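Residue numbers (the numbering used here): 2 to 439.
Notes for the one structure printed next.
Structure follows, in structure tokens:
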């Protein structure tokens, strides 16, 4: 059968809700820090992107784990899922410990090379001092997400994210401004609140898995020691998605570092635009995750011919949702940005770039969904090559438009069109050449 809109939404809906709530955590950080100062707002963008860039190494690994679990689920080999889950969890916790150590060793000398403003540099250091401890809990959550998306049971994602949002909002209110007797920590309080929220989210997954999942069906009630053969198999799929997502977010980091050299106002404005864009991107991200999971399940069931029609329906669904959202946001640019900051100069200088950002979703929707079909089909090495090719063009474009020309903020944000068009073109060409879809 072809997955219909109802089947697609059954998978994508909870993922989307979970992503909405997760992204609201980032929004609340921007909203609170927007009341602290431009330096703190800009620092949270650069330091936050540093954290996310490393975090995406874990996400990339999780995508590979998700593909393996989804294939086993599609084939009905449920008892073989737990070994993959436990091996992945052990590896991810080891990665988290390494990420913390590397961050403390790397950032003292790396940040001054990237950030020219002394105020932004000091704020970024304060933020990362606490934020890096979140890797332990965030990486554990990635493995849980891979498990639940892979078995096409995604309801817990929204519950966990909802609880995390509540904890983060309360933590921001208490720790940034020092309310109710708590220390006034400023940007460091925002980082600590995020770490606490991630810890609570991980605990929710543990409790839910312990009491709500059929442990015997998936083999979760058995003990599995280190399995080098299975670890090698996990790495053979995951290493490519790990590098791919790292490259993808490293380019975002490069973009914001380039913007920072234009000025603090432009950096702060770009942070606001990034936060708004991220809210829109959740739809694409959820549908992309659904496309990847459903593709992997179809491949596991040896129904490759169903992949193309399913991808087409996901793209049409994505266009319908994004068109409605972008049209709504286009009518109220200043009102939307005022949610994030009350700085009138910042808002006034961002309106043109705001419209450029909204328009980019005409390309982003098909690009990211088709690209996730490549990943879900198991062609993770080829997905990396596609990412690298698009990134080379993107970095060259950013260097010319932002660094060399120091163009207006709107022109700087136009670079998103080139990147996503290349992603769409290369992904479509590859799938056509391999006769996987279309």
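Think of the CB as a built atom: it goes at the ideal place given N, C-alpha and C, for glycine as much as any other residue.
Being a predicted model, the structure only gives us computed values, none of them experimental.
Under the rule that 16 or more other beta-carbon atoms within 10 Å means buried, what is residue i, buried or exposed?
i           : result
residue 247 : buried
residue 405 : exposed
residue 92  : buried
residue 298 : buried
residue 118 : buried
residue 215 : exposed
residue 227 : exposed
residue 377 : buried
residue 343 : exposed
residue 212 : exposed
residue 218 : exposed
residue 345 : exposed
residue 282 : buried
residue 335 : exposed
residue 303 : exposed
residue 402 : buried
residue 224 : exposed
residue 433 : exposed
residue 114 : exposed
residue 207 : exposed
residue 97  : buried
residue 333 : exposed
residue 56  : buried
residue 180 : exposed
Can you list, in chain order, the residues of its chain with a C-beta nearer than 8 Å to that of residue i? Leave out the 5 residues immediately preceding and following it.
i           : result
residue 34  : 41, 42, 45, 177, 188 and 191
residue 370 : 285, 288, 289, 292, 312, 315, 316 and 319
residue 209 : 157, 160 and 161
residue 37  : 177, 187 and 188
What's the C-alpha gap between residue i and residue j?
i           : j           : result
residue 109 : residue 373 : 36 Å
residue 431 : residue 13  : 25 Å
residue 425 : residue 388 : 10 Å
residue 77  : residue 222 : 18 Å
residue 236 : residue 99  : 17 Å
residue 429 : residue 384 : 11 Å
residue 167 : residue 238 : 35 Å
residue 199 : residue 310 : 37 Å
residue 296 : residue 68  : 9 Å
residue 90  : residue 136 : 13 Å
residue 140 : residue 58  : 9 Å
residue 350 : residue 330 : 17 Å
residue 26  : residue 170 : 7 Å
residue 255 : residue 416 : 12 Å
residue 390 : residue 358 : 22 Å
residue 73  : residue 106 : 40 Å
residue 126 : residue 305 : 49 Å
residue 103 : residue 48  : 15 Å
residue 354 : residue 184 : 37 Å
residue 164 : residue 435 : 43 Å
residue 146 : residue 63  : 8 Å
residue 379 : residue 234 : 12 Å
residue 197 : residue 307 : 43 Å
Identify the continuous alpha helix (DSSP H) that holds residue i and give its terminal residues.
i           : result
residue 381 : 381-399
residue 338 : 334-339
residue 113 : 82-115
residue 319 : 308-331
residue 441 : Outside the modelled stretch of the chain, which goes from 2 to 439, sits residue 441, for which no answer is possible.
residue 169 : 156-176
residue 342 : Per DSSP, residue 342 belongs to no alpha helix (DSSP H) and is neither H nor E.
residue 55  : 39-76
residue 180 : Segment: none, residue 180 is in no alpha helix (DSSP H) and carries neither H nor E.
residue 425 : 416-434
residue 146 : 135-151
residue 356 : 352-360
If you drop the 5 nearest sequence neighbours on each side, which residues of the same chain put their C-beta closer than 6 Å to that of residue i?
i           : result
residue 263 : 407
residue 251 : 54
residue 138 : 199, 200 and 203
residue 193 : 131 and 176
residue 31  : 276 and 341
residue 39  : 265 and 269
residue 28  : 276
residue 243 : 58, 61 and 62
Would you say residue i faces chain C, with C-beta separation under 8 Å as the test?
i           : result
residue 241 : The structure shown has no chain C; it contains just one protein chain.
Less than 7 Å between C-beta atoms, sequence neighbours within five positions excluded: which residues of the same chain meet that for residue i?
i           : result
residue 419 : 394, 395 and 398
residue 362 : 281, 323 and 327
residue 421 : 361, 364, 365 and 368
residue 66  : 85, 89, 144, 147, 235 and 239
key: 4-residue-minimum alpha helix (DSSP H) runs that sit fully inside the stretch 192-273, ordered along the chain   = Within the stretch 192-273, the complete alpha helix (DSSP H) runs of at least 4 residues are 216-219 and 229-261.
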